[in-house]
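*Asks:* Once you've had a glance at the structure underneath, I'll fire off some questions.
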Amino acid sequence: MILKDIQKILEAEVIVGDDLLGEDITIACGCDLMSDVLSFVKPGALLLTGLINPQVVRTAEMADLRAICFVRGKRPAQETIELAQSKSIPLLTTPLLLFESCGRLHREGLSGCSENKKKIK
Amino acid sequence: MTPDNKISRIQELVYEIRIGEVMQSDVITISPQTHMSELRKILREKRISGAPVMDGDEMVGIISIEDFIKWLADREHDCPISEKMSKDVQTLYADEPLTQAVNKFERFGFGRFAVIDRQSRRLLGIITKGDIVEGLLKKLEIDHYKEEEEIYCRRVEHFFEDILADKVVLLFQYDVAGHDFKRAGEGASRLKASLKRLGLDPQIVRRVAIATYEAEMNLVIYTDGGQIRARVEPHEIFVKVADSGPGIPDIQKVLQPGYSTAPEWVRNLGFGAGMGLNNIFKCASKMELKSVVGKGTQLYIRIDTKDGAMSETN
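If you read the sequences in order, they're chains W and S. So for the first sequence, this note's numbering puts the first residue at 1; every next one is plus one. So for the second sequence, this note's numbering puts the first residue at 1001; every next one is plus one.
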């Protein structure tokens, strides 16, 4: 599915990256621990998280993630937004909780990073 | 681009670019009741050479510096602008190509044209010859920039292939400030961008980036700062991360996944869960950690460029 579909499913608002809503996304990861994101996430994934500091964007940059969606209605400060903008990483925010966000996306066919590994094998 | 190419590119551009793209859209308008004697001040202050004359929403004429000079030369009495403006208002549509504007400038010899919307006929802007030249130059400059960027990327991507030597080594160094959580990751980010430009395999670049980023986070969290040095060779990327204290008392312990001495504030930011070194180990082909309490710590990360997506999860 594309990021635009994800935005609809999660009733999310786009904070930055309106021009990147056509990006294709097939896997996602929901996590608040950045070290675990760096360890387990696949390139091209969407990250769902409740953390909003600039290191979330740095993590996405390092791990080649395609987009970040903040859950629980969180909104990052300007420095996080600016960093995302400069790295072309779209930021969304949804009022849903992490579990519900993941559940909705999984039901609609988005797979997790470990499922994807099995598929490759 | 050869000079001939450039000329034909300009010819293309006058058909490609729309008037709306180069016009000035924040138009200064003047009311027909304004007096000629006030015109000089307006033109000078707004740094314009003419302006559309608007009676409410309707454009009733155009007044220019030429009209003002003529009025001065004729030594006439002060009067409303409506008496001296040119009422024969020629307009252009915003969606017309530039060539249309060029033709009209030639045909009428005016200094400026009002630009209107084809449907609503609302005034959208004003266009002068200067705007056309500026618009063309900007577009040519963008073309030129894109061309240079392409050449640059092509040149860099074959960097290693293009260099003829028995041994090629590139060195990068990044200084990392301690405890500056906001800027943490800048070093790893810059190293990643540089490796990408060298055209290295994206999986390799990603592994180097993640390992370096985790190491950089450790410098920021636990030390007063340090250096990241990367040595890039065709067969291997070697990253050395060093600081000058406080050092690690028990190396075996910190290598255990989940062991951490990170303060609460670091954990709240999503780090410090004792997974950093473990992550680095997973990304590396070889990793070595040396530390002396009170002196400092050195972390050596080697990533074999032939390994590709070696690590299971990364």
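Backbone N, C-alpha and C fix where the C-beta goes; we use that ideal spot for every residue, glycine too.
#1: Quick one: which unbroken beta strand (DSSP E) runs of 3-plus residues sit fully inside the region 1186-1273 of chain S? Chain order, please.
#2: Could you tell me which chain W residues have their CB closer than 7 Å to the CB of K1282/S, listed as they occur along the chain?
#3: Please classify R75/W: is it buried, with 16 or more other beta-carbons within 10 angstroms of its beta-carbon, or exposed?
#4: Do A1215/S and V1241/S come within 7 Å of each other at the CB atom, strictly closer than that value?
#5: From Y1093/S, D1180/S, D1162/S, L1198/S, pick the residue whose C-alpha is nearest to that of F1172/S; which is it?
#6: Classify M34/W as helix, strand or coil using the three-state DSSP reduction.
#7: Going residue by residue through the region 15-60 of chain W, where are the continuous alpha helix (DSSP H) segments of at least 4 residues, counting only ones entirely within it?
#8: Tell me whether the region 1270-1286 of chain S and the region 1298-1308 of chain S touch, counting them as touching only if at least three CB pairs, one residue from each stretch, are closer than 8 Å.
#9: Can you tell me which of the three DSSP states S111/W falls into?
#10: In chain order, which beta strand (DSSP E) runs of at least 3 residues are fully inside the region 1161-1189 of chain S?
#11: Would you tell me roughly how many angstroms separate the C-alpha atoms of M62/W and E1134/S, rounded to the nearest one?
#12: By the three-class DSSP mapping on this structure, what secondary structure does F1068/S have?
#13: Considering only their Cβ atoms, is the gap separating L98/W from G30/W smaller than 7 Å?
#14: Give the DSSP bridge partners of T1297/S, in chain order.
#15: Below 7 Å CB to CB, which residues in the same chain sit around D1095/S once its five sequence neighbours on both sides are set aside?
#16: If I measure Cβ to Cβ from I9/W and keep anything under 7 Å in the same chain, skipping five residues before and after, which residues do I get?
#17: Just the Cα atoms here: how many angstroms apart are T49/W and E13/W?
#18: Apply the 10 Å Cβ neighbour rule to T59/W and answer buried if 16 or more other Cβ atoms are within range, or exposed otherwise.
#19: Give every residue of the same chain whose Cβ lies closer than 8 Å to the Cβ of K1295/S, excluding the five residues on either side of it in the sequence, and list them in chain order.
#20: Residues of the region 55-67 of chain W with a CB closer than 8 Å to any CB of chain S: list them in chain order, please.
#21: Are any of the Cβ atoms in chain S nearer than 7 Å to that of L51/W?
#22: Is it right to say G1258/S is buried, meaning 16 or more other beta carbons lie within 10 angstroms of its own, or is it exposed?
#23: Give the residues of chain S in contact with D32/W, contact being defined as C-beta atoms less than 8 Å apart.
#24: At the 7 Å Cβ level, is S88/W part of the contact set with chain S, yes or no?
#25: Is the region 1251-1266 of chain S in contact with the region 1191-1208 of chain S, if contact means three or more CB pairs nearer than 8 Å?
#26: In chain order, what residues of the same chain lie with their CB nearer than 6 Å to the CB of E1066/S, ignoring the 5 residues before and after it?
#27: 7 Å is my cut-off, CB to CB: does S101/W come that close to chain S?
#28: May I ask you to report which of helix, strand or coil DSSP gives I1142/S?
*Replies:* With the given structure in hand:
#1: List check, beta strand (DSSP E) in window: 1225-1233, 1236-1243.
#2: S39
#3: exposed
#4: Yes, Cβ-Cβ distance for V1241/S and A1215/S is below 7 Å.
#5: The shortest Cα separation from F1172/S among Y1093/S, D1180/S, D1162/S, L1198/S belongs to L1198/S.
#6: Shown here, M34/W sits in a helix according to DSSP, grouped into three states.
#7: Unbroken alpha helix (DSSP H) runs of no fewer than 4 residues, entirely contained in the region 15-60 of chain W, are found at 34-40, following chain order.
#8: In this structure the region 1270-1286 of chain S touches the region 1298-1308 of chain S; the number of beta carbon pairs closer than 8 Å is three or more.
#9: strand
#10: 1170-1177
#11: 40 Å
#12: Note: F1068/S maps to helix in three-state DSSP.
#13: yes
#14: S1291/S
#15: R1018, G1020, R1118
#16: Excluding positions up to five away in sequence, the list reads R104, L105, E108.
#17: 15 Å
#18: buried
#19: S1244, G1245, G1247
#20: Q55, V56, R58, T59, E61, M62, A63, D64
#21: yes
#22: That one is exposed.
#23: Contact annotation for D32/W against chain S: G1270 [CB-CB distance below 8 Å, chain order].
#24: no
#25: no
#26: none
#27: no
#28: helix
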